[in-house]
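> Once you've had a glance at the structure underneath, I'll fire off some questions.
Chains as they are written, first to last, in my numbering: chain A, 2 to 190; chain B, 31 to 251.
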């Protein structure tokens, strides 16, 4: 019985904490069903003029990310980007964790054989690039992850170096939820 | 599902799996001296060679001196073709490589050098490259390779099977860059021993590095 009471208290207090978190996310009063977590940015080198912000977005009812911005004191421009492999979007394939490299090599050399093993993915010799996207759909009930090698918020014309531990305020604009303010923590990893 | 057959099928599977494991072990033992079969990354047959490929090194030590794209005696050179305005792929690769190097013991780490060849020399000055690589690696450990001669860069890329493309500049003169994002490990003879595709687990990279360095330190093996 004691255990049950403890568990109940724990569950109830978690509920309170979650409710408290929720309330400062949506200032516009619109019923924001968007949840943005794990917002981080890679610390930059002293001479880098671009950066990338990553995060996890979840929407119970479905929504669309249409814009992202950071203060102009941080970066002159902010764009939503997707990393591509040979012009094709790679983000969708990212869920396939352990691809077999031997089967998907796209090398041109005809006499070359490839041998590989291990838990990796990615085409050998494939060209990686990126493209700007106008919007990012968050399907209802699904989680979309912005992560290295996939979607990211690109920061251009950086005004200074982003150091490990810095925080950057990011304003995300969603079609339904409106503006959502989050903070990206810089990690040097 | 028929219950009676299940047990024997399972045993059969276990047996054949064991048998397979034994056969594989025997096979592996048969070619014990050839480490390439144990590498996690991609190996090519025949391997790429970087003979006569050398590029100017803008690092503080070299100050523009030409450096051959191969490891020092008994060592490895890890070569990456990229550019510093790259927000996602290049810093991810460099950060992964830093993690992999951190896993080596000091003696092994001393035998590894990192070279980044910029495919965007217009925006990447030597100073920019040094600032970039100096963030990820120790001074003396990296080479900032840069040439303004497209032919020279193309020859270096060709030796590795690498390539890049510069997009059309927009109104502000900004342009996109796409590029192969492998990390190549070149030994002291200029042979590309292994290459790791983008987002290879740093642990697998360091395993390969240790494997190659151990083999290399003992020429008789």
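Just so you know, even glycine gets a beta-carbon here, dropped at the ideal spot from N, CA and C. Predicted, not measured: the structure shown is a model, and the values here were computed from it.
Here's the rule: buried if 16 or more other CB atoms are within 10 angstroms of the residue's CB, otherwise exposed. What is residue 156 (chain B)?
Here the question's residue 156 (chain B) lines up with position 126 in the second chain. Burial call: buried.
> Would residue 213 (chain B) and residue 113 (chain B) be called neighbours here (beta carbons separated by less than 8 angstroms)?
On the second chain, position 183 is the one that residue 213 (chain B) refers to. On the second chain, position 83 is the one that residue 113 (chain B) refers to. No, these two residues do not count as a Cβ contact at 8 angstroms.
> With three or more beta-carbon pairs closer than 8 angstroms as the criterion, would you say the stretch 79-87 of chain A touches the stretch 176-190 of chain A?
Touching, no, given that fewer than three Cβ pairs across the two stretches are closer than 8 angstroms.
> What residue ranges within the stretch 86-162 of chain B form continuous beta strand (DSSP E) runs of no fewer than 3 residues, ordered along the chain?
Taking only runs of at least 3 residues, the beta strand (DSSP E) segments lying wholly in the stretch 86-162 of chain B are 95-98, 106-112 and 142-148.
> Leaving out the 5 sequence neighbours to the left and right, which residues in its chain are closer than 7 angstroms to residue 59 (chain B) when beta-carbon positions are compared?
As a first step, residue 59 (chain B) must be located in the second chain, where it is residue number 29. Only weak support is given to the placement of residue 59 (chain B): the predicted model assigns it a pLDDT of 41, under 50, and the question is left unresolved by the model.
> By alpha-carbon positions, which one of B:205, B:154 and B:105 ends up nearest to residue 174 (chain B)?
Here residue 174 (chain B) refers to the residue found at position 144 of the second chain. Residue 174 (chain B) has its Cα closest to that of B:154, out of B:205, B:154 and B:105.
> Applying the 10 Å Cβ sphere with the 16-neighbour rule, what's the burial state of residue 87 (chain B)?
In the second chain, the residue the question calls residue 87 (chain B) occupies position 57. Under this definition residue 87 (chain B) is a buried residue.
> Answer with buried or exposed for residue 118 (chain B), where buried requires no fewer than 16 other C-beta atoms within 10 angstroms of its C-beta.
As a first step, residue 118 (chain B) is located in the second chain; it is residue number 88 there, counting from the start. Label assigned to residue 118 (chain B): buried.
> Within the 8 angstroms Cβ cut-off, does residue 90 (chain A) reach chain B?
The count along the first chain starts at 1 and reaches residue 90 (chain A) at position 89. No - not a single Cβ of chain B is within 8 angstroms of the one on residue 90 (chain A).
> Quickly, what does DSSP pair residue 139 (chain A) with across the bridge? List them, please.
Translated into the one-based positions of the first chain, residue 139 (chain A) becomes position 138. In DSSP, residue 139 (chain A) forms a bridge with A:64.
> Is there a Cβ of chain B sitting closer than 8 angstroms to that of residue 156 (chain A), yes or no?
Position 155 of the first chain holds residue 156 (chain A). By this cut-off, residue 156 (chain A) is an interface position.
> Taking residue 127 (chain A) as the reference, which of A:151, A:65, A:87 and A:49 has the closest Cα?
Along the first chain, read from residue 1 onward, the residue named residue 127 (chain A) stands at position 126. When each option's Cα is compared against that of residue 127 (chain A), the closest is A:87.
> Cα-Cα, which of B:237, B:189, B:242 and B:200 is closest to residue 76 (chain B)?
For the purposes of this step, residue 76 (chain B) is taken as the residue at position 46 of the second chain. Cα-wise, what sits closest to residue 76 (chain B) is B:189.
> Please classify residue 176 (chain B): does DSSP put it in a helix, a strand, or coil?
Working through the second chain from its first residue, we reach residue 176 (chain B) at position 146. Three-state result, residue 176 (chain B): coil.
> Suppose you measure from the CA of residue 155 (chain A) to the CA of residue 178 (chain B); what does that come to, to the nearest Å?
Counted from its first residue, the first chain places residue 155 (chain A) at position 154. Counted from its first residue, the second chain places residue 178 (chain B) at position 148. Each residue's alpha carbon lies about 27 angstroms from the other.
> Is it the case that the Cβ atoms of residue 211 (chain B) and residue 123 (chain B) are separated by a distance below 8 angstroms?
Taking the first residue of the second chain as 1, we reach residue 211 (chain B) at position 181. Taking the first residue of the second chain as 1, we reach residue 123 (chain B) at position 93. In contact: residue 211 (chain B) and residue 123 (chain B) (Cβ atoms closer than 8 angstroms).
> Assuming residue 58 (chain A) contacts residue 169 (chain A) (C-beta within less than 8 angstroms), just tell me the rounded distance between them.
On the first chain, position 57 is the one that residue 58 (chain A) refers to. On the first chain, position 168 is the one that residue 169 (chain A) refers to. Contact doesn't hold; Cβ gap of about 17 angstroms is too wide.
> Closer than 7 angstroms between beta carbons: that is the criterion. Which residues of the stretch 160-193 of chain B meet it against chain A?
Against chain A - using a Cβ distance shorter than 7 angstroms - the residues of the stretch 160-193 of chain B are 161, 162, 165, 191 and 193.
> Can you find a CB in chain A that lies within less than 8 angstroms of the CB of residue 125 (chain B)?
The residue given as residue 125 (chain B) occupies position 95 in the second chain. It does; some Cβ of chain A falls within 8 angstroms.
> Output yes or no for whether 8 angstroms exceeds the beta carbon distance between residue 243 (chain B) and residue 128 (chain B).
Along the second chain, read from residue 1 onward, the residue named residue 243 (chain B) stands at position 213. Along the second chain, read from residue 1 onward, the residue named residue 128 (chain B) stands at position 98. No.
> Bridge partners of residue 89 (chain A), per DSSP?
If you number the first chain from 1, residue 89 (chain A) lands on position 88. In the DSSP output, where bridge partners are listed per residue, residue 89 (chain A) has A:86.
> Taking only the alpha-carbon atoms, compute the straight-line gap between residue 47 (chain A) and residue 147 (chain A) and give it to the nearest angstrom.
Taking the first residue of the first chain as position 1, residue 47 (chain A) is located at position 46. Taking the first residue of the first chain as position 1, residue 147 (chain A) is located at position 146. Approximately 24 angstroms, taken between the alpha carbons.
> Among the residues of its own chain, which have a CB less than 8 angstroms from the CB of residue 237 (chain B), if the five just before and after it don't count?
The residue you call residue 237 (chain B) lines up with position 207 of the second chain. Cβ neighbours of residue 237 (chain B) beyond the five flanking positions: 70.
> Given a cut-off of 8 angstroms, decide if residue 51 (chain A) and residue 115 (chain B) are closer than it, judged by their beta-carbon atoms.
Looking up residue 115 (chain B) in the second chain gives position 85. Looking up residue 51 (chain A) in the first chain gives position 50. In contact: residue 115 (chain B) and residue 51 (chain A) (Cβ atoms closer than 8 angstroms).
> Any C-beta of chain B within less than 7 angstroms: which residues of the stretch 27-61 of chain A qualify?
Listed by position, the residues of the stretch 27-61 of chain A near chain B (Cβ gap below 7 angstroms) are 43, 46, 47, 48, 49, 50, 51, 52 and 53.
> With 8 angstroms as the threshold, decide whether the Cβ of residue 158 (chain B) is near any Cβ in chain A.
Locating residue 158 (chain B) in the second chain gives position 128, counting from the first residue. Yes, because at least one Cβ of chain A sits closer than 8 angstroms to the Cβ of residue 158 (chain B).
> Going by DSSP, what residue range makes up the beta strand (DSSP E) through residue 73 (chain B)?
Here residue 73 (chain B) refers to the residue found at position 43 of the second chain. Where residue 73 (chain B) is concerned, the enclosing beta strand (DSSP E) stretches over 73-75.
> Let me check understanding here. Comparing Cα to Cα, which of A:43, A:183 and A:45 lies closest to residue 174 (chain A)?
The count along the first chain starts at 1 and reaches residue 174 (chain A) at position 173. Comparing Cα-Cα distances from residue 174 (chain A) to each of A:43, A:183 and A:45, the minimum goes to A:183.
> Classify residue 152 (chain A) as helix, strand or coil using the three-state DSSP reduction.
Taking the first chain and counting its residues from 1, the one referred to as residue 152 (chain A) is at position 151. It is a strand residue.
> Looking only at its chain, what residues have a beta carbon closer than 7 angstroms to the beta carbon of residue 191 (chain B), apart from the 5 residues adjacent to it on each side?
As a position in the second chain, residue 191 (chain B) is number 161, starting the count at 1. For residue 191 (chain B), where only same-chain residues beyond five positions count, the Cβ hits under 7 angstroms are 78.
> Put residue 235 (chain B) into one of helix, strand or coil per three-state DSSP.
Taking the second chain and counting its residues from 1, one reaches residue 235 (chain B) at position 205. DSSP places residue 235 (chain B) in helix when its eight states are reduced to three.
> Per DSSP, what kind of secondary structure is residue 176 (chain A) in: helix, strand or coil?
Counted from its first residue, the first chain places residue 176 (chain A) at position 175. It is coil, neither helix nor strand.
> According to DSSP, residue 190 (chain A) sits in a beta bridge with which residue or residues?
The sequence position of residue 190 (chain A) within the first chain is 189, counting from 1. BP columns for residue 190 (chain A) are empty, so no partner.
> Counting only Cβ pairs nearer than 9 angstroms, list the residues of chain A close to residue 91 (chain B).
Position 61 of the second chain holds residue 91 (chain B). The contacting residues do not exist; residue 91 (chain B) stays about 18 angstroms from chain A at best.
> Measuring only the C-alpha atoms, how far is residue 78 (chain A) from residue 70 (chain A)?
For the purposes of this step, residue 78 (chain A) is taken as the residue at position 77 of the first chain. For the purposes of this step, residue 70 (chain A) is taken as the residue at position 69 of the first chain. One C-alpha to the other measures close to 8 angstroms.
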